[in-house]
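What follows is a set of notes on a single structure, which appears directly below.
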Amino acid sequence: MKKGNYLLLGVTGGIATGKSTVTRMLKEMGAAVIDMDVIARQVVEPGKPALQDIVGYFGKEVLQSDGSLDRKKVSKIVFNDPEKRKKLESFTHPRIYEEFFRQVNVIVENNPNAVIQAEVPLLIEMNLQHLFDKIILVYAPREEQIRRLTKRDNISEAEAIQILAAQLPIAEKVKYADFVIENQGDPEHTGKQVKELWERLKKIEN
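Counting from 6, one number per residue, gives the positions in the sequence shown under our numbering.
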């Protein structure tokens, strides 16, 4: 049961669409931020139950010399093995959700009418729509994604295309969105859309 009249937003989009730009703008307007990437890293820190479960299933070879999880190694193991991926998610997802809602409750205790946003790159792929009141999709044209990826990650155009091919097409993601922000590279245009969105969100909140 929801306490207060808070609004929980899931911010998602394809890779290199500018999700962080939009979450930063919303934060500047007053939205609280929960960083799901940070939570995902925290739940597998040394000494945490999730890491113990992962080591118990995958073996000690997934640990680095300092006892921390070798995330790249685990990613390689589960990449083409749906069964192992599901097992990994069964260790991490419940802990991520628990910490996520703990942080939501802390924010709501201080402000029952808070607008809370979480940037979740794979929100739709992981079928997490049910966690949020509204889904915001940040969109950029495919050519722009490729341009940003090659520049940001110092990779070839072919590598960028391969990364995009492995993701759910943005046209599919749009179907799940309540709001779409077009981020084609003009900060002023993006900012205008985010301001308009913020006004609409405040009306929903009240």
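Built from N, CA and C at the ideal position, the CB exists for glycine as well.
Note that the structure is predicted; figures quoted are calculated from it, not measured.
If we count the other Cβ atoms within 10 Å of its Cβ and call it buried at 16 or more, is residue i buried or exposed?
{"i": "residue 67", "result": "buried"}
{"i": "residue 221", "result": "There is no way to answer for residue 221, as the model of the chain reaches only from 6 to 211."}
{"i": "residue 111", "result": "exposed"}
{"i": "residue 100", "result": "buried"}
{"i": "residue 59", "result": "buried"}
{"i": "residue 154", "result": "buried"}
{"i": "residue 211", "result": "Caution is warranted here: a pLDDT of 46 is assigned to residue 211, below 50, making its placement in the model unreliable, and no coordinate value can be reported."}
{"i": "residue 109", "result": "buried"}
{"i": "residue 57", "result": "exposed"}
{"i": "residue 131", "result": "exposed"}
{"i": "residue 123", "result": "buried"}
Apart from the five residues on each side of it in sequence, which residues of its chain come closer than 6 angstroms, Cβ to Cβ, to residue i?
{"i": "residue 6", "result": "Annotation note: pLDDT 42 at residue 6 (below 50); position unreliable, coordinate value reported separately. The answer is none, since no qualifying residue turns up."}
Given residue i, which residues of its chain have a CB within under 8 angstroms of its CB, disregarding the five upstream and five downstream residues?
{"i": "residue 34", "result": "199, 200, 203"}
{"i": "residue 166", "result": "151"}
{"i": "residue 177", "result": "129"}
{"i": "residue 104", "result": "44, 47, 48"}
Taking the alpha-carbon of residue i as reference, which of the options has the nearest alpha-carbon?
{"i": "residue 125", "options": "136, 205, 171, 207", "result": "136"}
{"i": "residue 15", "options": "39, 23, 193, 30", "result": "39"}
{"i": "residue 168", "options": "179, 147, 177", "result": "147"}
{"i": "residue 143", "options": "186, 90, 41", "result": "186"}
{"i": "residue 209", "options": "107, 24, 138", "result": "138"}
In the DSSP assignment, find the alpha helix (DSSP H) that holds residue i and state where it starts and stops.
{"i": "residue 113", "result": "87-115"}
{"i": "residue 141", "result": "Where residue 141 is concerned, there is no enclosing alpha helix (DSSP H), although the beta strand (DSSP E) it sits in stretches over 139-144."}
{"i": "residue 167", "result": "162-170"}
{"i": "residue 57", "result": "54-63"}
{"i": "residue 175", "result": "175-179"}
{"i": "residue 42", "result": "41-47"}
Could you please give the first and the last residue of the uninterrupted beta strand (DSSP E) stretch that includes residue i?
{"i": "residue 13", "result": "12-18"}
Please return the same chain residues whose Cβ sits closer than 7 angstroms to the Cβ of residue i, not counting the five positions on each side in sequence.
{"i": "residue 92", "result": "62"}
{"i": "residue 55", "result": "48, 49, 96, 97, 100"}
Exercise. Any chance the region 18-28 sits against the region 172-187, with 3 or more Cβ pairs inside 8 angstroms?
Worked result: yes
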